[in-house]
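Participant: Numbering (this note's numbering), first residue to last: 7 to 380. Heads up, the beta-carbon is just placed ideally off N, CA and C, and yes, glycines get one too.
#1: If we ignore side chains and look at the alpha-carbon of each, how far apart do residue 164 and residue 171 end up?
#2: Can you check which of these residues, 275, 233, 114, is closest to residue 251 by C-alpha distance?
#3: Quickly, what does DSSP pair residue 211 with across the bridge? List them, please.
#4: Below 8 Å between beta carbons: does that hold for residue 219 and residue 253?
#5: Starting from the Cα of residue 106, find the closest Cα among 98, 119, 99 and give me that residue.
#6: What number of angstroms, rounded off, separates the C-alpha of residue 177 from the C-alpha of residue 248?
#7: Measuring only the C-alpha atoms, how far is residue 112 from residue 215?
#8: According to the neighbour-count rule (16 or more other Cβ atoms, all chains shown, within 10 Å of its Cβ), is residue 348 buried or exposed?
#9: Using CA atoms only, rank isn't needed, just tell me which of 141, 300, 237, 277 is closest to residue 261.
#10: Is it right to say residue 189 is buried, meaning 16 or more other beta carbons lie within 10 angstroms of its own, or is it exposed?
#11: The beta strand (DSSP E) spanning residue 275 covers which residue range?
#12: May I have the straight-line CA-CA distance separating residue 209 from residue 200, to the nearest angstrom?
#13: Does DSSP classify residue 1 as helix, strand or coil?
#14: Exposed or buried, residue 175, counting other C-beta atoms within 10 Å across all chains shown (16 or more means buried)?
#15: Spatial neighbours of residue 382 within its chain, please: C-beta separation below 7 Å, excluding the five flanking residues on both sides.
#16: For the beta strand (DSSP E) that residue 147 lies in, which residues bound it at each end?
#17: Is the distance from the Cβ of residue 179 to the Cβ of residue 282 below 8 Å?
Okay, here's the thing in structure tokens:
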């Protein structure tokens with residue numbers, strides 16, 4: 007599938023950068039072909055030890071770099087408390103980890119954090135950012151889409167509740183931890199709700215390009231072990247139906263617009279889907295949310311596969327949330343919750359997710375997000 011690596015937060019003369027080594031590889035046996043580049047100027051290991059620049063880290067017997075550097079002055083480890091953040095987040099414990107990278111979707115990584123104000127932000131989960139926004143902007147408009155000449159609007163409170171309902175339904179339909187929820191369709195509030203709902207439920211959000219052939223959809227769904235696939239309409243539904251018998255992990259399909267022309271077992275329209283999880287308790291869902299870790303994967307981004315099979319990139323909560331905070335800060339976006347963000351890039355691409363995901367301006371500052379401006 008992919009390799010998950012920690013965000014390398016670097017302060018250079020040219021400004022703040024988020025330098026991430028992403029070696030797209032298969033999740034099968036063995037070590038990655040390309041070791042993770044250790045080029046962070048300043049970073050902190052998951053156990054709280056702050057390290058400073060080193061010329062060349064040690065390597066293990068397999069040639070994979072182990073960044074085991076410590077303070078140059080040898081005064082002993084310097085610790086930074088995890089948990090407290092700039093947005094009053096509830097402290098979150100990190101999952102124990104031994105490496106800055108992993109090729110396993112259910113494994114954790116160490117997190118690199120520097121000493122300056124930009125890079126020392128405490129690790130945060132995607133859902134934590136959404137919850138923080140709901141606390142301060144519950145009645146503000148979060149999402150809007152115009153269909154058949156009429157606007158449908160979600161406040162942040164309504165958005166959050168629908169995300170939770172979707173998460174319960176994913177659990178009820180059999181979503182397993184660190185398995186995928188594929189989402190294929192044009193930009194819509196339901197796309198975003200499915201994405202966050204999958205993460206809330208302990209799964210991985212997996213965007214699939216609308217232009218993918220049935221075979222390409224099969225590859226992504228198989229590679230990410232999708233238990234559920236959310237489709238926009240009959241066109242996308244038919245693609246998945248053609249390859250369902252080759253997807254042993256797939257348990258259900260959800261269609262979020264239009265009418266399902268032929269009723270089939272385990273195929274749901276959006277309203278049926280939201281009702282499917284009504285017997286899952288709030289406590290059960292909250293336990294799952296509380297178990298999310300900033301240093302574990304939450305999202306898989308696949309390439310379009312123009313020169314071969316799509317390549318997957320694993321992104322952690324910390325990767326997403328830290329990048330969003332820095333983007334928000336450096337472009338001075340939504341400081342008073344005044345931003346209106348129009349979504350037109352495909353949400354299966356990271357460039358589009360940077361503009362809306364719970365790591366960004368909208369959820370950080372309570373700005374509005376508008377789907378399908380055409």
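Facilitator: Put simply:
#1: In a straight line, the C-alpha of residue 164 is about 10 Å away from that of residue 171.
#2: Of the candidates 275, 233, 114, the residue whose Cα lies closest to the Cα of residue 251 is 233.
#3: In DSSP, residue 211 forms a bridge with 187, 305.
#4: Cβ atoms of residue 219 and residue 253: not closer than 8 Å.
#5: The closest CA to that of residue 106, considering only 98, 119, 99, is found on 119.
#6: Looking at the two C-alpha atoms, the distance is approximately 25 Å.
#7: Linking residue 112 to residue 215 through their CA atoms gives a straight-line distance of about 24 Å.
#8: Of the other Cβ atoms in all chains shown, fewer than 16 fall within 10 Å of the Cβ of residue 348; this residue is therefore exposed.
#9: The residue with the shortest Cα to Cα distance from residue 261 is 237.
#10: Burial state of residue 189 is buried, judged by a 10 Å Cβ sphere holding 16 or more other Cβ atoms.
#11: For residue 275, the uninterrupted beta strand (DSSP E) segment begins and ends at 273-275.
#12: A straight line joining the alpha-carbon of residue 209 with that of residue 200 spans about 11 Å.
#13: Residue numbering for the chain in the displayed model covers 7 to 380; residue 1 lies beyond these limits and cannot be assessed.
#14: Only buried fits residue 175, as 16 or more other CB atoms lie within 10 angstroms of its CB.
#15: Residue 382 lies beyond the range of the chain shown here (7 to 380); nothing can be said about it.
#16: From DSSP, the beta strand (DSSP E) with residue 147 extends over 147-153.
#17: Yes, these two residues count as a Cβ contact at 8 Å.
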